[in-house]
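In UniProt numbering, the protein residues as written are 1 to 427.
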């Protein structure tokens, strides 16, 4: 997906490359023309989409105002006619080449289908089973996404199937819901062929929600701190998938794993640092099979990152950062977190992970990794200033040692990067 920031950066690079003689002016002009054809601003289609949504909103408001006075058959007929009209308009626009307008119409039709299921259940007093209704919406949205290539319908499908799975999870008090994949896998296959970033993020988040529900009834039952290690392992896998996709030009969908994995890592590590400084909360938690599963996926993923990444100076600091983050729960399980050394080790590991993310982001030119590392470093400093490691003198010594190590690291960074950088061949 060609974002505005990428276009501006590329245009600035083209001007610089032409000025330095690295690129002919004719080639730069061809690149600009190609970008304009691929992602030009389609004002008529955009205005048509908004106009169609406003008209649909007016119809919905009119029907809602007179809903109680309408007979059942009229209500059912209006739902069917509205659905057929929206999908018919979408098919017609698709045939004319107006993809944005067709997507808006098909998305509107999918929403009408979902609302129609709820209204029919209300009219005929069907048993209240909203997860089943969500599964029907997901199936209908999948069909629309397949037949009309609608990105909006595909996003609705992911949201509906996530609601279906979470509803069944809540009803069964944490039971495993494997039927989720009967709908998710076909939707994922469709999403891999799309370029829309909303579709990609919806696919990644739907799977993340299912994985979050896998440990059982942790929301309403007893929460165990061992779940933090499970979340940390899965977050590391997400980061590796996104980083490898960026580095090797993999599927665009996998790149959406990166920001969500980074957010999860930041959240979990901040919680781990906060609770290790609190004597009442610094307990290890249970090491259940899910922890071993998550780490069993994360460690090979780190090895794959080091083996498969093209840019070593990007992959190495990222792998070090993820590895140090994965060590944090092991310190809790060692039983040494109550004393001052355990607290210093956990704080040091989190700061090393944050710096590793910053180095990886700067070296690889991946801004989101650099920002995540900077944010984690800032959060860690704020937490450490709010809850000290031992006495204030101990806190001062910790910051002094950490600062000295950073200065030493900065002094050796140039030699390290010089060794990792490939030699420049003279032409």
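We put the CB at the ideal spot given by N, CA and C, even for glycine.
Closest to residue i by C-alpha separation, out of the options, would be which residue?
i: residue 172; options: 333, 138, 213; result: 213
i: residue 302; options: 354, 239, 203, 250; result: 239
i: residue 263; options: 146, 375, 30; result: 375
i: residue 431; options: 184, 34, 128; result: The displayed coordinates of the chain run from 1 to 427. Any statement about residue 431 would go beyond what the structure contains.
i: residue 157; options: 190, 269, 251; result: 190
i: residue 99; options: 152, 355, 316, 164; result: 152
i: residue 81; options: 54, 112, 34, 71; result: 112
i: residue 114; options: 142, 102, 228; result: 142
i: residue 357; options: 382, 341, 322; result: 322
i: residue 86; options: 22, 102, 307, 360; result: 102
i: residue 84; options: 71, 105, 294; result: 105
i: residue 211; options: 30, 181, 28, 361; result: 181
i: residue 317; options: 332, 215, 364; result: 364
i: residue 361; options: 355, 370, 353, 354; result: 370
i: residue 305; options: 248, 292, 178; result: 248
i: residue 32; options: 372, 122, 10, 293; result: 10
i: residue 131; options: 120, 170, 384; result: 170
i: residue 199; options: 359, 353, 255; result: 255
i: residue 355; options: 331, 378, 73, 27; result: 378
i: residue 268; options: 341, 21, 372; result: 372
i: residue 385; options: 277, 77, 75; result: 277
i: residue 76; options: 122, 20, 330; result: 122
Could you give the C-beta distance for residue i and residue j, rounded to a whole number, given that I count them as a contact under 8 angstroms?
i: residue 203; j: residue 253; result: 6 angstroms
i: residue 110; j: residue 144; result: 5 angstroms
i: residue 251; j: residue 209; result: Not really, about 20 angstroms apart at Cβ, beyond 8 angstroms.
i: residue 328; j: residue 272; result: 5 angstroms
i: residue 128; j: residue 160; result: Contact flag wrong, Cβ pair sits at about 17 angstroms.
i: residue 215; j: residue 228; result: 11 angstroms between Cβ atoms; not a contact.
i: residue 287; j: residue 333; result: 6 angstroms
i: residue 325; j: residue 265; result: 6 angstroms
i: residue 294; j: residue 244; result: Contact flag wrong, Cβ pair sits at about 18 angstroms.
i: residue 274; j: residue 383; result: 5 angstroms
i: residue 187; j: residue 241; result: Wrong, their Cβ atoms sit about 18 angstroms apart, outside the cutoff.
Does the beta-carbon of residue i have 16 or more other beta-carbons within 10 angstroms, so that it is buried, or is it exposed?
i: residue 258; result: buried
i: residue 15; result: exposed
i: residue 116; result: buried
i: residue 24; result: exposed
i: residue 135; result: buried
i: residue 351; result: buried
i: residue 480; result: The structure shown does not extend to residue 480, since the chain is modelled only from 1 to 427, so the question has no answer here.
i: residue 96; result: exposed
i: residue 290; result: buried
i: residue 311; result: buried
i: residue 175; result: exposed
i: residue 367; result: exposed
i: residue 166; result: buried
i: residue 236; result: buried
i: residue 307; result: exposed
i: residue 319; result: buried
i: residue 118; result: exposed
i: residue 12; result: exposed
i: residue 140; result: buried
i: residue 261; result: buried
i: residue 313; result: buried
i: residue 168; result: buried
i: residue 315; result: buried
Under the criterion of a Cβ to heavy atom distance below 6 angstroms, does residue i qualify as lining the ligand MN?
i: residue 198; result: Ligands are entirely absent from the displayed structure, and the ligand MN is therefore not among its contents.
Inter-stretch contact (C-beta, 8 angstroms, three-pair minimum) for the stretch 137-157 and the stretch 81-95: yes
Validate contact between the stretch 224-238 and the stretch 289-299 using beta carbons, cut 8 angstroms, 3 pairs: yes
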